[in-house]
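Step one of this worksheet: look at the structure below.
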Amino acid sequence: MKQSEIKQLSTAELQEKLSETKKSYADLKMAHAISPLENPIQLRHARRTVARVATELTKREDQ
Numbered sequence: 117m118k119q120s121e122i123k124q125l126s127t128a129e130l131q132e133k134l135s136e137t138k139k140s141y142a143d144l145k146m147a148h149a150i151s152p153l154e155n156p157i158q159l160r161h162a163r164r165t166v167a168r169v170a171t172e173l174t175k176r177e178d179q
């Protein structure tokens, strides 16, 4: 998910998206621990999406 897409979401949508992406990241991490993922780059993308959404939420709280 791109930063421009994240900026267009409302705060409530961002909070929902954050919980979804954290859950999917945890699921991917667990699946990778059990048996290696076919595409381990998915972990990096999921982790960075979580960070992008969390950063945008923090920016909005500060304003």
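When we follow my numbering, the leftmost residue of the sequence shown carries the number 117, and every step to the right adds one. We put the CB at the ideal spot given by N, CA and C, even for glycine.
With a CB to CB cut of under 8 Å and the five nearest residues on each side skipped, what residues in its chain are close to residue i?
{"i": "residue 134", "result": "166, 169, 170 and 173"}
{"i": "residue 153", "result": "144, 147 and 159"}
Per DSSP, what kind of secondary structure is residue i in: helix, strand or coil?
{"i": "residue 125", "result": "coil"}
{"i": "residue 138", "result": "helix"}
{"i": "residue 145", "result": "helix"}
{"i": "residue 151", "result": "coil"}
{"i": "residue 119", "result": "helix"}
Give the straight-line distance between the Cα atoms of residue i and residue j, rounded to the nearest whole angstrom.
{"i": "residue 142", "j": "residue 179", "result": "30 Å"}
{"i": "residue 128", "j": "residue 118", "result": "18 Å"}
{"i": "residue 79", "j": "residue 140", "result": "The structure shown does not extend to residue 79, since the chain is modelled only from 117 through 179, so no value can be given for it."}
{"i": "residue 126", "j": "residue 158", "result": "25 Å"}
{"i": "residue 156", "j": "residue 136", "result": "19 Å"}
{"i": "residue 124", "j": "residue 131", "result": "13 Å"}
{"i": "residue 149", "j": "residue 176", "result": "35 Å"}
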